[in-house]
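Going down the list, the sequences are from chains A and B. Heads up, the first sequence stops at 436 in full-length UniProt numbering, and the numbers go up one at a time, no gaps. Heads up, the second sequence stops at 436 in full-length UniProt numbering, and the numbers go up one at a time, no gaps. Don't be surprised by glycine CBs; every beta carbon is placed ideally from N, CA and C. Predicted model only: the values in this text are computed from it and were never measured.
2 protein chains.
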Amino acid sequence: MNRTAAMMKLEDQLLHPGVKGLPITQPLRQGDIGARQWSVLHADTSFPVALLKASALEHNLQWMRGFCERYGVQLAPHGKTTMSPQLFDAQLANGAWGMTLATAAQVQIAYRYGVRRVLLANQLVAPADIKAVLTLMHRDPSFEFYALVDSSAGVARLSQAAQQQRMERRLPLLVELGLAGKRAGCRSMDDALALAREVAAAPGLELAGIEGYEGLLVGPDRDQDHEAVRHFVTQLSDLLRQADAEQLFKRGEILLSAGGSAYFDFVASGFAQVKNLSRPVLPVLRSGCYLTNDHGFYHGLIEQLNAREGLEPGQGLRPALEVWSMVLSRPEPTLAILGMGKRDASYDMELPRALVSHRPGASAPAALPDGCSIEKMNDQHAYLRLPAGHAISGELAVGDLIGCGISHPCTTFDKWPLLLTVDDDYKVRGAVNTFF
Amino acid sequence: MNRTAAMMKLEDQLLHPGVKGLPITQPLRQGDIGARQWSVLHADTSFPVALLKASALEHNLQWMRGFCERYGVQLAPHGKTTMSPQLFDAQLANGAWGMTLATAAQVQIAYRYGVRRVLLANQLVAPADIKAVLTLMHRDPSFEFYALVDSSAGVARLSQAAQQQRMERRLPLLVELGLAGKRAGCRSMDDALALAREVAAAPGLELAGIEGYEGLLVGPDRDQDHEAVRHFVTQLSDLLRQADAEQLFKRGEILLSAGGSAYFDFVASGFAQVKNLSRPVLPVLRSGCYLTNDHGFYHGLIEQLNAREGLEPGQGLRPALEVWSMVLSRPEPTLAILGMGKRDASYDMELPRALVSHRPGASAPAALPDGCSIEKMNDQHAYLRLPAGHAISGELAVGDLIGCGISHPCTTFDKWPLLLTVDDDYKVRGAVNTFF
């Protein structure tokens with residue numbers, strides 16, 4: 001099934017009452033959502049509802065394509081952020097080289113919806129998970145797959161499995177270089193190089209490249225981060241050169257991959273300098289959060305990246321994901337209770353940011369005054385604190401809408417099986433599915 | 001469709017590769033999962049995997065049934081915790097009076113899977129959400145539904161909608177009494193009583209009872225909590241008596257509802273004393289977390305409840321929900337990286353609790369020594385810190401399994417579309433679905 005046919009099947013499926021956000025009392029064909037012409041500002045939908053602004057998505061897709069072209073790098077966006085086939089499709093249609101994923105289950109879902117080139121930015125260890133991936137590679141010679149490895153134990157497991165499955169082709173692996181005190185990955189250049197030799201020599205495996213994740217270096221001190229990221233990118237490049245000097249790479253191209261959603265400019269500029277190896281180098285960024293950005297953690301980091309890139313405000317990545325909910329109760333003068341909770345919006349980095357209020361029927365949403373903030377969330381409720389003495393405390397009423405931005409798209413996407421795409425005036429255009 | 005037929009449909013559905021936890025490379029009929037005889041301890045499943053211990057579920061179902069019978073109260077367990085039709089079914093089969101839910105979407109899902117008596121423990125405000133519920137009531141005279149209200153604005157919306165939909169029966173409402181500084185609900189007895197009069201007089205509505213949620217009173221000081229809960233339960237009872245004295249209730253029974261998962265014994269004993277009203281009182285508890293309990297926040301509270309009830313250790317509610325994952329990397333002597341993250345286990349109250357380690361093939365899991373703890377989670381990874389100098393630091397290897405308990409079941413269930421049920425030896429018996 002190619003991408004288009006898989007998408008068609010999603011468009012044709014019947015959505016049953018109870019899908020969050022949908023105002024339906026009968027099953028509805030997903031592809032007919034746009035024709036209903038629901039307006040969020042008229043409170044036509046159910047609430048809470050998760051919204052993707054189509055214009056911001058489009059802008060971000062093109063922005064990232066331009067960025068990668070400018071630096072001469074490829075993009076395998078991290079699909080774990082959205083786990084949405086329609087968004088994967090849009091990313092691939094806008095020049096992405098492949099998709100990055102985190103688990104074998106995610107790989108199986110992406111494959112089902114037409115993704116044919118995957119970088120698993122993780123170790124592959126469980127027998128069932130190794131088998132899941134090798135089965136896809138065995139069944140479909142066009143399916144291109146890469147995984148990470150950081151230990152001899154990992155190499156041994158994968159080599160043994162590849163031999164047992166009698167694979168026609170070798171399993172391509174990238175050696176992961178890690179960071180002291182951080183997540184996975186070899187803790188020294190020497191260990192990483194030794195492991196690269198093991199991979200190159202192991203039956204059923206082949207060394208495809210070198211990988212690292214500089215996103216773990218985001219700390220409280222930006223200057224220190226930048227220095228550490230530059231150093232790490234240099235290490236990755238040096239490791240690649242050393243492995244190449246030992247002729248450990250046998251494939252047509254050598255992969256060099258890093259790049260989260262905070263410092264991918266440092267990665268891109270560092271990788272662009274890796275030249276004159278025995279074969280072409282393919283630098284691959286893996287940012288996942290560029291697609292929707294956010295109104296919190298990543299937006300702050302992206303504004304700094306914009307400044308480094310010399311961009312004016314508004315020219316950079318735009319927040320595309322919002323969660324709207326209704327005021328259910330106004331029990332105290334400075335408190336509004338919203339029908340949105342931990343089941344609906346991220347709370348791991350920051351609580352949602354209340355952006356606008358809107359009375360259905362009014363001409364347009366109004367920015368909320370300073371001092372309005374979500375101070376707490378329960379499973380299904382948010383506590384919106386209003387500034388004492390400000391007119392909003394008297395005005396905001398039961399039935400009004402609150403539009404919120406979020407911080408960290410990954411932990412909002414995973415709360416919604418369906419997100420609605422909207423125009424700039426919050427008219428519903430369609431929907432995208434997620435599979436978590 | 002009755003409950004049994006709806007469950008059958010879930011058993012007959014094909015699960016596709018990519019459903020978290022399932023070790024499949026071909027679609028599999030859900031009802032055939034048990035026949036595969038997967039063993040978690042043999043690492044047959046995919047990892048991470050969410051597990052429900054069948055014996056603990058069974059124990060908890062019976063324990064709660066006995067508790068309610070002893071106190072003469074009914075149970076409408078909060079379905080938002082699990083959102084699992086099979087678990088709803090088990091709760092109803094074990095004496096639950098109905099299900100509590102939090103949103104109109106959840107009501108639609110429960111109805112689809114055969115639930116015919118729902119207490120919406122929330123305000124019902126959005127036009128689409130009001131319509132969703134009234135449509136179910138209109139279509140099915142056997143569908144019994146109750147919602148909360150805490151404002152005149154709420155009463156006006158519901159009365160208007162009920163009249164516009166030309167309902168054959170009135171919409172039964174419970175007036176919500178709230179707590180200063182907390183969530184929804186009237187902030188004084190006088191306000192609540194005035195609102196009860198409004199409901200009783202509003203076309204299309206009827207006053208069904210009085211409701212509150214004492215679970216918001218869980219604070220750092222237990223004695224203070226207990227005093228506050230007792231006071232609140234007395235207030236609810238007094239409010240009910242006053243509304244009854246004014247002859248505001250016209251239905252056969254008067255509902256009196258409260259009861260989270262921490263202090264439901266205080267609620268039950270307080271409610272049992274409400275007698276000699278104009279008509280029978282139906283006391284309804286709403287605990288959601290009793291079904292699986294946990295290894296963290298709720299387990300601590302339940303151990304205190306056990307002590308109040310005079311139960312020996314092991315006689316109370318048992319933790320039924322675990323998340324198992326594999327060691328993907330051992331990058332440093334005291335650090336193991338697990339393939340389980342924010343996508344897989346609760347992190348809102350406490351991080352998961354690492355309980356046991358197990359090498360596939362070994363005879364049985366071994367309790368982890370003191371000092372082993374999950375110190376951080378990313379989206380797809382956990383950082384398990386091992387005690388320096390202890391043998392476990394040398395022993396724990398890539399490919400070993402770690403079994404974790406969680407804190408707060410609601411925020412683990414919502415990360416799993418399918419959870420596997422297991423025997424005490426971690427053999428997979430079957431699965432339950434969730435709909436978030």
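Neighbourhood of glutamine 86 of chain A by C-beta, 8 Å cutoff - its chain only, sequence neighbours within 5 removed:
Here residue 86 of chain A is taken as the residue at index 86 of the first sequence, counted from 1. For glutamine 86 of chain A, the CB contacts under 8 Å within the same chain, skipping 5 residues up- and downstream, are Met7, Leu10, Val432 and Asn433 in chain order.
Any beta carbon from chain B within less than 9 Å of arginine 70 of chain A's own beta carbon?
Working through the first sequence from its first residue, we reach residue 70 of chain A at position 70. Taking a beta-carbon distance threshold of 9 Å, arginine 70 of chain A does not count as an interface residue toward chain B.
Looking only at DSSP bridge pairs, what is threonine 421 of chain A linked to?
Within the first sequence, the letter at position 421 stands for residue 421 of chain A. BP columns for threonine 421 of chain A point to A/Leu52 and A/Gly430.
Tell me the rounded alpha-carbon separation between aspartate 140 of chain A and arginine 286 of chain A.
Within the first sequence, the letter at position 140 stands for residue 140 of chain A. Within the first sequence, the letter at position 286 stands for residue 286 of chain A. Approximately 24 Å between the Cα atoms of the pair.
Out of A/Trp63, A/Gly114, A/Thr25 and A/Phe297, state which residue places its alpha-carbon closest to the alpha-carbon of alanine 5 of chain A.
Position 5 of the first sequence, counted from the first residue, corresponds to residue 5 of chain A. The candidate whose alpha carbon is nearest that of alanine 5 of chain A is A/Gly114.
If you run the structure through DSSP and keep just helix, strand and coil, what is glutamine 91 of chain A?
What you label residue 91 of chain A is simply residue 91 of the first sequence in a count that begins at 1. The answer is helix: DSSP assigns glutamine 91 of chain A an H, G or I state.
To the nearest angstrom, how far is the alpha carbon of leucine 93 of chain A from that of phenylalanine 145 of chain B?
Stepping through the first sequence from its first residue, residue 93 of chain A is reached at position 93. Stepping through the second sequence from its first residue, residue 145 of chain B is reached at position 145. Note on identity: in this sequence residue 93 of chain A is alanine, with leucine being the wrong assignment. Spanning the two alpha carbons is a distance of roughly 48 Å.
In the structure shown, what three-state DSSP assignment does asparagine 378 of chain B receive?
Here residue 378 of chain B corresponds to residue number 378 of the second sequence, with the count starting at 1. Reduced to three states, the DSSP call for asparagine 378 of chain B is coil.
Methionine 326 of chain A touches chain B at which residues, Cβ-Cβ below 7 Å?
In the first sequence, residue 326 of chain A corresponds to position 326, counting from 1. The contacting residues are Val125 and Ala126.
Taking contact to mean at least 3 C-beta pairs separated by less than 8 Å, is the segment 362-376 of chain A in contact with the segment 105-124 of chain B?
no
Are the C-beta of phenylalanine 435 of chain A and some C-beta of chain B separated by less than 9 Å?
Locating residue 435 of chain A in the first sequence gives position 435, counting from the first residue. Output row for phenylalanine 435 of chain A: interface = yes.
DSSP three-state assignment for methionine 1 of chain A, whether helix, strand or coil:
Within the first sequence, the letter at position 1 stands for residue 1 of chain A. At methionine 1 of chain A, the pLDDT of 47 sits below 50, so the modelled position is not reliable; the number obtained from the coordinates is stated separately. Methionine 1 of chain A: coil per DSSP, three-state reduction.
Residue interval of the beta strand (DSSP E) (run including leucine 173 of chain B):
What you label residue 173 of chain B is simply residue 173 of the second sequence in a count that begins at 1. Residues 171-176.
Taking its Cβ as the centre, do 16 or more other Cβ atoms sit within 10 Å of glycine 178 of chain B, making it buried, or is it exposed?
Working through the second sequence from its first residue, we reach residue 178 of chain B at position 178. Answer is buried; the Cβ neighbour count reaches 16.
Which first and last residues belong to the alpha helix (DSSP H) in which methionine 189 of chain A is found?
Stepping through the first sequence from its first residue, residue 189 of chain A is reached at position 189. Segment 189-201, the alpha helix (DSSP H) holding methionine 189 of chain A.
How would you label histidine 295 of chain A, buried or exposed, when you count the other beta carbons within 10 angstroms and need 16 or more for buried?
Your numbering for residue 295 of chain A matches position 295 in the first sequence. Histidine 295 of chain A comes out buried.
Taking buried to mean at least 16 other C-beta atoms within 10 Å of its own C-beta, is lysine 415 of chain B buried or exposed?
Counting from one through the second sequence, the residue named residue 415 of chain B turns up at place 415. Buried, since its Cβ has 16 or more Cβ neighbours within 10 Å.
For a contact defined as C-beta to C-beta under 9 Å, what are the partners of threonine 82 of chain A on chain B?
Position 82 of the first sequence, counted from the start, is the residue given in the question as residue 82 of chain A. Within 9 Å Cβ-Cβ: nothing; threonine 82 of chain A doesn't reach chain B, min ~12 Å.
Where the segment 345-365 of chain B meets chain A: residues whose CB sits under 9 Å from a CB there
Tyr347, Asp348 and Pro360
Inter-residue Cα distance where the pair is methionine 1 of chain B and glycine 300 of chain A:
Numbered from its first residue, the second sequence carries residue 1 of chain B at position 1. Numbered from its first residue, the first sequence carries residue 300 of chain A at position 300. Residue placement at methionine 1 of chain B is flagged as unreliable, the pLDDT there being 47, under the threshold of 50; a coordinate-derived value is accordingly withheld.
Presumed contact (8 Å Cβ cut-off) between leucine 207 of chain B and leucine 239 of chain B, rounded CB distance:
Counted from its first residue, the second sequence places residue 207 of chain B at position 207. Counted from its first residue, the second sequence places residue 239 of chain B at position 239. With 8 Å as the limit, leucine 207 of chain B and leucine 239 of chain B do not qualify as a contact, their Cβ atoms being about 11 Å apart.
Just to make sure I have the definition right: I need the residues of chain B whose C-beta is within less than 7 Å of the C-beta of glutamate 168 of chain A. Which are they?
By one-based count along the first sequence, residue 168 of chain A stands at place 168. The contacting residues do not exist; glutamate 168 of chain A stays about 17 Å from chain B at best.
Examine chain A for any beta-carbon lying closer than 9 Å to the beta-carbon of glutamate 375 of chain B, and answer yes or no.
If you number the second sequence from 1, residue 375 of chain B lands on position 375. No, glutamate 375 of chain B does not count as interfacial toward chain A.
When burial is assigned at 16 or more other CB atoms within 10 Å of the CB, is aspartate 225 of chain A buried or exposed?
The residue you call residue 225 of chain A lines up with position 225 of the first sequence. Buried.
Taking Cβ to Cβ, would you say alanine 105 of chain B is nearer than 9 Å to proline 17 of chain A?
Stepping through the second sequence from its first residue, residue 105 of chain B is reached at position 105. Stepping through the first sequence from its first residue, residue 17 of chain A is reached at position 17. Cβ distance < 9 Å, so alanine 105 of chain B and proline 17 of chain A count as in contact.
Relative to the alpha-carbon of arginine 343 of chain A, which residue among A/Val233, A/Leu311, A/Ser393 and A/Thr411 has its alpha-carbon at the smallest distance?
Taking the first sequence and counting its residues from 1, the one referred to as residue 343 of chain A is at position 343. Of the listed residues, the one whose Cα sits closest to arginine 343 of chain A is A/Thr411.
How about glycine 430 of chain A and glycine 31 of chain A: do their beta carbons lie closer than 9 Å?
Indexing the first sequence from 1 puts residue 430 of chain A at position 430. Indexing the first sequence from 1 puts residue 31 of chain A at position 31. Yes.
Among B/Gln242, B/Arg157 and B/Ser346, nearest to aspartate 191 of chain B - alpha-carbon criterion
Numbered from its first residue, the second sequence carries residue 191 of chain B at position 191. Comparing Cα-Cα distances from aspartate 191 of chain B to each of B/Gln242, B/Arg157 and B/Ser346, the minimum goes to B/Gln242.
Listed from N- to C-terminal order along the chain, which residues in the segment 44-57 of chain A have their beta-carbon within a distance smaller than 9 Å of any beta-carbon of chain B?
Asp44, Thr45, Ser46, Phe47 and Pro48
From what residue to what residue does the alpha helix (DSSP H) around histidine 138 of chain B run?
As a working mapping, residue 138 of chain B is identified with position 138 in the second sequence. Histidine 138 of chain B -> alpha helix (DSSP H) spans 127-139.
Going along chain B, which residues have a C-beta under 8 Å from glycine 185 of chain A?
By one-based count along the first sequence, residue 185 of chain A stands at place 185. Result: Ser329 and Pro331.
Per DSSP, which residues does threonine 100 of chain B bridge with? Please list them.
Against the second sequence, residue 100 of chain B aligns to sequence position 100. BP columns for threonine 100 of chain B point to B/His78 and B/Leu119.
Between the C-alpha atoms of valine 274 of chain B and threonine 234 of chain B, what's the straight-line distance to the nearest angstrom?
For the purposes of this step, residue 274 of chain B is taken as residue 274 along the second sequence, with counting starting at 1. For the purposes of this step, residue 234 of chain B is taken as residue 234 along the second sequence, with counting starting at 1. Going from the Cα of valine 274 of chain B to the Cα of threonine 234 of chain B covers about 9 Å.
Could you check which residue in A/Pro333, A/Gly405 and A/Asp223 has the C-alpha nearest to that of glycine 389 of chain A?
Here residue 389 of chain A refers to the residue found at position 389 of the first sequence. For the residues A/Pro333, A/Gly405 and A/Asp223, the minimum Cα distance to glycine 389 of chain A belongs to A/Pro333.
Residues within the segment 77-104 of chain B neighbouring chain A, beta-carbon criterion of under 7 Å
The segment 77-104 of chain B vs chain A, Cβ under 7 Å: Lys80, Ala102, Thr103 and Ala104.
Nearest-angstrom Cα separation, counted from phenylalanine 297 of chain A out to glutamate 350 of chain A
On the first sequence, residue 350 of chain A is found 350 positions in, with the first residue counted as 1. On the first sequence, residue 297 of chain A is found 297 positions in, with the first residue counted as 1. Going by the C-alpha atoms only, they are around 8 Å apart.
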